[in-house]
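Residue numbers (my numbering): 282 to 383.
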């Protein structure tokens, strides 16, 4: 498991992030209180079928209502710690403009 470069955040594996048989692959939490700040879903080919797309939409709505970003990345693509950090950075460090519209 890769650790974020910023020591203010931690990563919780999916088995610790279940909610009524729904889970995310990675939950990014603020330390030391473990407050959720974002989640990552690795979407493989199974996410291309209509049944899974419906389940994904429910999960997307739940995260949107909670005000938490749910970032979806294709599992088939190669990911490095740097590419995942670049994906997460805007959500962990929003600009003043983004905060004004929140």
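All C-beta atoms, glycine included, are put in the ideal place defined by N, C-alpha and C.
Residue i versus residue j - alpha carbon distance
i	j	result
residue 325	residue 335	15 Å
residue 357	residue 312	30 Å
residue 286	residue 310	Summary for residue 286: the model assigns pLDDT 43, below 50, so the residue's position carries little reliability; its value from the coordinates is reported in the next sentence. Between residue 286 and residue 310, the C-alpha separation is close to 13 Å.
residue 359	residue 332	26 Å
residue 349	residue 373	11 Å
residue 362	residue 318	18 Å
residue 369	residue 330	26 Å
residue 304	residue 367	23 Å
residue 354	residue 371	15 Å
residue 346	residue 316	16 Å
Which of helix, strand or coil DSSP assigns to residue i
i	result
residue 319	strand
residue 365	helix
residue 339	helix
residue 329	helix
residue 311	strand
residue 351	strand
Cβ-Cβ distance between residue i and residue j below 7 Å
i	j	result
residue 351	residue 320	yes
residue 306	residue 322	yes
Contact belief for residue i with residue j at Cβ below 8 Å, rounded distance in angstroms
i	j	result
residue 314	residue 328	At roughly 31 Å, the Cβ-Cβ gap does not stay under 8 Å, so residue 314 and residue 328 are not in contact.
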